[in-house]
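S.K.: Attaching a single structure in structure tokens format; questions to follow.
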Amino acid sequence: MISLLPCYIHKLLKRKMKYPHKEIEQKWQKYWETKKVYETDLTDIGKKLYTLVMFIYPSGAKLHIGHWYNYAPTDSWARFKKLKGFNVFEPMGYDAFGLPAENYAIKTGVHPQDSTLKNIEDIRKQLKAMGCMYDWKAELMTCVPEYYKWNQWLFLQMYKQGLAYRKKAPVNWCPSCKTVLANEQVQTDGTCERCGTAVTREDLTQWFFRITKYADDLLDGLKKIDWPEKTKIMQTNWIGKSYGTEVKFKVDGSDEIITVFTTRPDTLFGVTYMVLAPEHELVEKLTTPEHKEEVRKYIESVKRLSEIERTSTTKEKTGVPIGAYAINPMNGEKVPIWIADYVLATYGTGSVMAVPGHDERDFEFAKKFGLPVKKVILEPGTKPEDELKEAYVEPGIMINSGEFNGMRSEEAIQKITEYLEEKRLGKRTVNYRLRDWLISRQRYWGTPIPIVYCEKCGEVAVPEEDLPVELPYEVDFKHDGGSPLASNPGFVNTTCPRCGGKAKREVDTMDTFVDSSWYYLRYLDPHYENGMFDEELANKWVPVDMYVGGAEHATMHLLYARFVHKFLKDLGLVNSDEPFQKLIHQGTITNMGAKMSKSKGNVVNPDDFVEQYGSDVFRMYLMFMGPYELGGDWSDKGIVGIDRFVQRVYNLFLNNKEIKKNAPSHGSYNLNDLDNAAKAVYRKVNQTVAKFDKELENFRFNTAVALLMELLNELTKNLEKVEDSIKTYALERFAVLLSSVAPHLGEECWALLGNDKSLFEEPVWFEADKNALTEDEVTIVVQVNGKVRAKVKLPVDTDESTVKETVWKENNVKAHTEGKTVVKEIYVKNKIYNIVVK
RNA sequence: GCGAGAGUGGCGGAAUUGGUAGACGCGCUAGAUUUAGGAUCUAGUAUCCGUAGGAUGUGGGGGUUCGAGUCCCCCCUCUCGCACCA
0 MISLLPCYIH KLLKRKMKYP HKEIEQKWQK YWETKKVYET DLTDIGKKLY TLVMFIYPSG
60 AKLHIGHWYN YAPTDSWARF KKLKGFNVFE PMGYDAFGLP AENYAIKTGV HPQDSTLKNI
120 EDIRKQLKAM GCMYDWKAEL MTCVPEYYKW NQWLFLQMYK QGLAYRKKAP VNWCPSCKTV
180 LANEQVQTDG TCERCGTAVT REDLTQWFFR ITKYADDLLD GLKKIDWPEK TKIMQTNWIG
240 KSYGTEVKFK VDGSDEIITV FTTRPDTLFG VTYMVLAPEH ELVEKLTTPE HKEEVRKYIE
300 SVKRLSEIER TSTTKEKTGV PIGAYAINPM NGEKVPIWIA DYVLATYGTG SVMAVPGHDE
360 RDFEFAKKFG LPVKKVILEP GTKPEDELKE AYVEPGIMIN SGEFNGMRSE EAIQKITEYL
420 EEKRLGKRTV NYRLRDWLIS RQRYWGTPIP IVYCEKCGEV AVPEEDLPVE LPYEVDFKHD
480 GGSPLASNPG FVNTTCPRCG GKAKREVDTM DTFVDSSWYY LRYLDPHYEN GMFDEELANK
540 WVPVDMYVGG AEHATMHLLY ARFVHKFLKD LGLVNSDEPF QKLIHQGTIT NMGAKMSKSK
600 GNVVNPDDFV EQYGSDVFRM YLMFMGPYEL GGDWSDKGIV GIDRFVQRVY NLFLNNKEIK
660 KNAPSHGSYN LNDLDNAAKA VYRKVNQTVA KFDKELENFR FNTAVALLME LLNELTKNLE
720 KVEDSIKTYA LERFAVLLSS VAPHLGEECW ALLGNDKSLF EEPVWFEADK NALTEDEVTI
780 VVQVNGKVRA KVKLPVDTDE STVKETVWKE NNVKAHTEGK TVVKEIYVKN KIYNIVVK
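Heads up: the first sequence is residues 0 to 837, going by numbering that gives the first Met the number 0.
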């Protein structure tokens, strides 16, 4: 027994305490929850700060690394702000309606409501294990009547103002999801944003929100918000405002008029044919009998093409003439009318004047079909008789254009437009690329549209007092070729609110982007019953100060939310112009170069890492990976580095347990009273505080974590050498900085020092001592002709003559200047001394 | 095609009012320590040549400057967004 004792003691001394992450993280999570540390007092708006991440779309899978990467660093920023004295509101919720739950139901038979609620429960557990400071009393989900009732109310307000309307239109149809999609939900390659199936075009009667009415407001608002430039550019392009002229072309031998939109009225004299989109309403009317068959065939062939094929720029141009002719309003020339699918029915007027000489597409088309090319704009440095080898699209001098000859084309644009306006043949106009927002979906798991169709009265809005129109539980999701809601007679059959007669309910549901376009307002009081949201709170807390989410929402959610917000402002419900004042996009985390997805089988489960290393290590590792906006490819290679850091920090604080009680720190120290080790520690601590503040403020988490590591290295080296009160000074500050990026560990360390109150319960922040930010001595780099030849250490702010004297004593400087003429000497204070020799 | 961003050691990445390139971490090398360790500690680590020291070096090529990863011009590669918008 006795012989074993020394060994035992030896072991105890040598072995360090392993950081019990599980125990400590659970302890603090429980503490925060029971003490309601993160419940925000929304009545206190002195230093209000609304931080938000895009809420979760519980698509069947649990939280993955991407969610963590989005939420954890943002939470660290929020905590940093809380420590600095802000009244931070950070809520979390669930964007719970949507296709994935319904598709899952079709596959497995599990009702979307059951799977979604179960899923949310799992996710909530994961969220709590992350240890973010979410205010759980503000938690919301969109699939409950208390929430979606207000989607319906919003719809009714739009309806009243004529901003919600129904029309038959060619729409994007996903054959796999069996629903229509908004333009924004069709990907660049013409596939469905959710399932990747090629989207087709169908003519269907659908509900729209008139977002186009807000096109200019949406553009103007971009100037006032602090968003990534790239996102603003994307929205600007998506709205696609362009100034131009509408020109009326008479159809030869008919009363019909073809109106075209052009940004280049200066090329009007160069029109050699006209093109209508195959879907254009005049096509049938104007087609001459001998062309009917060919035109019909062409329209059929276009319909068969997928959106991808049709809009591909590399596709060869196709088209057929319809036999009719139009009259050029400028010169009375008769030009043939064609239809071709390179003209889009959805942009401008769905018809164009073709100027092959000065438009690349028209040029290509004209060459293929042997149509004439007419030159009306002269390229500087060329002759009028030179043949056009390709379309000349830049400005130039007007030729072959009657009275406008000799004008510069920029001037001619104005003059010709004036001429047209005078003759009532056209007018200045503005055109947008933006289309109205198609909000109806032929799916079950969404908000029912509050409309009934009465046999007598027709389309009737459900009165506000009858809301919500509840989504019935019993339906056949597999209902083929239409809305599943139609399968429930109890839902469909109703009475007309106007006449009391027989009526049928609208069976389509709303796009889930309606739900997410105003949820940030609902968080302020998710159970509010007197309206969509608490207006008083909204006027105090909105706009959201910091919004963090994926860049993929640039032209969807982020545009819709701005639109709805502006509409709500016009209703008088909010006083702010914009919903999100500052926006940051987190980068994407890929795995082996590919986006993580279930189907690829490359999803990395964060739970395993949390289990092994703890939440703090995992979130700090994500922050340390690189710049937040960049994301990156996943690798767990370096996570041990963060783990080591945490172990070392924990042991450092264990070794100085309760130190604050015996040796409290002073507010600041005079550098002259400190010895070298104390000075070094004191300086490093204060420099770290100052830099950390700046880095975290700007979402530069990777460098913020690096700063803490540097500080730890300094403390490891010198802390043992300094007196206890300075140790306390250093460790207090270290714990506070740490607690924003590693909240559990930070709290634990703060408590170890001898503090009774939780840091987040009573936030503490230390400002840096400005006197300690600079060093006594600086290293001045000595260069000869820009190459480093020596380094001299001198007291900071040494006068130039002394620096010069010291520099010239350096042997290496002498060696490199010997026998050469000094041209000049440049001194950059405290940094560089450069000698230029010849 | 148009628009935006990026290219730095073996790896992730630091550094921009132009002023010591490679912070911090991983990995690697050597040593110490431990019953053992994939634990911990210490030192080293851009490349090439060397004894001090020197040469080269931020995708490639030019330029401006005493001085360029950083500014300007041309080119290459990658990523993202838009894509027949009249």
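Ideal placement from N, C-alpha and C gives every residue a C-beta, glycine not left out.
Bear in mind the structure is a predicted one, so any value in this text is a computation, not a measurement.
(1) Using 8 Å as the Cβ pair cut-off and three pairs as the minimum, do the region 716-726 and the region 673-686 touch?
(2) With H, G and I counted as helix, E and B as strand and the rest as coil, what does DSSP make of T727?
(3) Leaving out five residues on either side along the sequence, give the residues of the same chain with a beta carbon under 8 Å from the beta carbon of K501.
(4) Starting from R840 and walking both ways along the beta strand (DSSP E), at which residues does that stretch end?
(5) Have a look at S439 and L484 and give me their C-alpha separation to the nearest angstrom.
(6) K34: which of V259, S300, M132, S253 sits nearest, CA to CA?
(7) Please name the residue in F476, R432, E505 whose C-alpha comes closest to that of E458.
(8) Around the C-beta of H526, are 16 or more other C-beta atoms found within 10 angstroms, so that it is buried, or is it exposed?
(9) Near L572, what residues of its chain come up, given a Cβ to Cβ distance below 6 Å and the 5 sequence neighbours on each side ignored?
(10) Can you name, in chain order, every residue of its own chain whose Cβ lies under 7 Å from the Cβ of P449, other than the five neighbours on each side?
(11) Please report the distance separating the alpha-carbon of T348 from that of T211.
(12) From the DSSP output, read off the bridge partner residues of S439.
(13) What does a CB cutoff of less than 6 Å around K823 pick up in its chain, not counting 5 residues either side in sequence?
(14) Between which two residues does the alpha helix (DSSP H) carrying R78 extend?
(15) Would you be able to state if there are at least three C-beta pairs under 8 Å between the region 113-122 and the region 56-63?
(16) Helix, strand or coil: how does DSSP classify Q611 here?
(17) Taking the alpha helix (DSSP H) that A353 belongs to, which residues open and close that run?
(18) When you compare each of E760, Q112, Q205 to K81 by their alpha carbons, which one comes out closest?
(19) Run through the DSSP bridge pairs and tell me what E201 is partnered with.
(20) With a cut-off of 8 Å, do at least 3 Cβ pairs link the region 235-245 to the region 425-438?
(21) Using CA atoms only, rank isn't needed, just tell me which of L377, F362, I376 is closest to L370.
(22) Near V688, which residues of its chain fall below 8 Å by C-beta distance, leaving aside the five closest residues on each side in sequence?
(23) Excluding sequence positions up to five away, which residues of its chain have a Cβ less than 7 Å from the Cβ of Q186?
(24) Along the chain, where does the alpha helix (DSSP H) that runs through T235 open and close?
(25) Measure the alpha-carbon distance for T801 versus E694 and round it to whole angstroms.
(26) What residue does the alpha helix (DSSP H) around N671 start on, and which one ends it?
(27) Report the option in R788, W807, V827 whose CA atom is closest to the CA atom of V777.
(28) Can you tell me the Cα-Cα spacing of L558 and G395, whole angstroms?
(29) Tell me which same chain residues have a C-beta within less than 7 Å of the C-beta of A537, skipping the five on either side of it?
(30) Going by beta carbon distance, what residues of the same chain come within less than 6 Å of E138, once the five residues before and after it are set aside?
(31) Unbroken beta strand (DSSP E) runs of length 3 or more, entirely within the region 777-807: which are they?
(32) Quick check: the Cα distance between D43 and F88, rounded to an integer number of angstroms?
(33) Distance check for S114 and T128, CA to CA, integer angstroms please.
(34) Which residues share a DSSP beta bridge with R427?
(35) Going by DSSP in three states, T157 sits in which element: helix, strand or coil?
(36) So what's M849 in DSSP terms, helix, strand or just coil?
M.R.: Taking the definition as stated:
(1) Because the criterion of three Cβ pairs below 8 Å is met, the region 716-726 and the region 673-686 touch.
(2) Indexing the first sequence from 1 puts residue 727 at position 728. Helix.
(3) The residue given as residue 501 occupies position 502 in the first sequence. Cβ-Cβ distances below 8 Å link K501 to C453, E454, N492, T494, C495 in the same chain, with the five nearest sequence neighbours on each side left out; the list follows chain order.
(4) Here the chain comprises residues numbered 0 to 837, so residue 840 is not present and cannot be evaluated.
(5) Against the first sequence, residue 439 aligns to sequence position 440. Against the first sequence, residue 484 aligns to sequence position 485. Rounded to the nearest whole angstrom, the CA to CA distance from S439 to L484 is 13 Å.
(6) Counted from its first residue, the first sequence places residue 34 at position 35. Answer by Cα proximity: M132.
(7) Taking the first residue of the first sequence as position 1, residue 458 is located at position 459. Considering only alpha carbons, the answer is E505.
(8) For this step, residue 526 is matched to residue 527 along the first sequence. By the 10 Å Cβ count, H526 comes out exposed.
(9) If you number the first sequence from 1, residue 572 lands on position 573. These residues qualify, in order along the chain: E534.
(10) Locating residue 449 in the first sequence gives position 450, counting from the first residue. Closer than 7 Å at Cβ, skipping near neighbours: Q151, F154, L155, A460, V461, L466, V468.
(11) The residue given as residue 348 occupies position 349 in the first sequence. The residue given as residue 211 occupies position 212 in the first sequence. Cα to Cα, the separation comes out at about 15 Å.
(12) Taking the first sequence and counting its residues from 1, one reaches residue 439 at position 440. The partner list for S439 (beta bridge, DSSP) reads M509.
(13) Sequence index remark: in the first sequence, residue 823 carries index 824 (1-based). Once the five neighbours on either side are set aside, the close Cβ partners of K823 are V835.
(14) For the purposes of this step, residue 78 is taken as residue 79 along the first sequence, with counting starting at 1. Residues 64-82.
(15) yes
(16) Here residue 611 refers to the residue found at position 612 when the first sequence is read from its first residue. Three-state DSSP puts Q611 in a helix.
(17) Here residue 353 corresponds to residue number 354 of the first sequence, with the count starting at 1. Note, A353: premise wrong, no alpha helix (DSSP H); beta strand (DSSP E) at 350-353.
(18) Counting from one through the first sequence, the residue named residue 81 turns up at place 82. Taking only the C-alpha atoms, the option nearest K81 is E760.
(19) Position 202 of the first sequence, counted from the start, is the residue given in the question as residue 201. For E201, which the question treats as bridged, DSSP gives the partners V170.
(20) yes
(21) Within the first sequence, residue 370 is the residue found at index 371, counting from 1. That would be F362, whose Cα lies nearest to the Cα of L370.
(22) Translated into the one-based positions of the first sequence, residue 688 becomes position 689. Around V688: R732, L736, F765, E766, A767.
(23) Residue 186 sits at position 187 when you count from the first residue of the first sequence. The answer, listed in chain order, is E192.
(24) The residue labelled residue 235 in the question sits at position 236 within the first sequence. It spans 228-238 - the alpha helix (DSSP H) in which T235 sits, taken as one unbroken run.
(25) Residue 801 sits at position 802 when you count from the first residue of the first sequence. Residue 694 sits at position 695 when you count from the first residue of the first sequence. Computed Cα separation, rounded: 36 Å.
(26) Here residue 671 corresponds to residue number 672 of the first sequence, with the count starting at 1. Here N671 belongs to no alpha helix (DSSP H), and DSSP marks it neither H nor E.
(27) Locating residue 777 in the first sequence gives position 778, where the first residue counts as 1. Closest by alpha carbon: V827.
(28) Taking the first residue of the first sequence as 1, we reach residue 558 at position 559. Taking the first residue of the first sequence as 1, we reach residue 395 at position 396. Roughly 38 Å between the two C-alpha positions.
(29) Taking the first sequence and counting its residues from 1, one reaches residue 537 at position 538. Counting only Cβ-Cβ distances below 7 Å, and skipping sequence neighbours, we find L520, L523, V573.
(30) For the purposes of this step, residue 138 is taken as the residue at position 139 of the first sequence. Excluding positions up to five away in sequence, the list reads G92.
(31) 786-794
(32) Counting from 1 along the first sequence, the entry for residue 43 is found at position 44. Counting from 1 along the first sequence, the entry for residue 88 is found at position 89. When rounded, the distance between both Cα atoms is 11 Å.
(33) Locating residue 128 in the first sequence gives position 129, counting from the first residue. Locating residue 114 in the first sequence gives position 115, counting from the first residue. Contrary to the premise, residue 128 reads as Ala rather than Thr in this sequence. Going from the Cα of A128 to the Cα of S114 covers about 21 Å.
(34) For the purposes of this step, residue 427 is taken as residue 428 along the first sequence, with counting starting at 1. DSSP output for R427 lists T244 as bridge partner(s).
(35) Counted from its first residue, the first sequence places residue 157 at position 158. Strictly speaking, residue 157 in this sequence is Met, with Thr absent from that position. Helix.
(36) As displayed, the chain neither begins before 0 nor continues past 837, which places residue 849 out of reach and without an answer.
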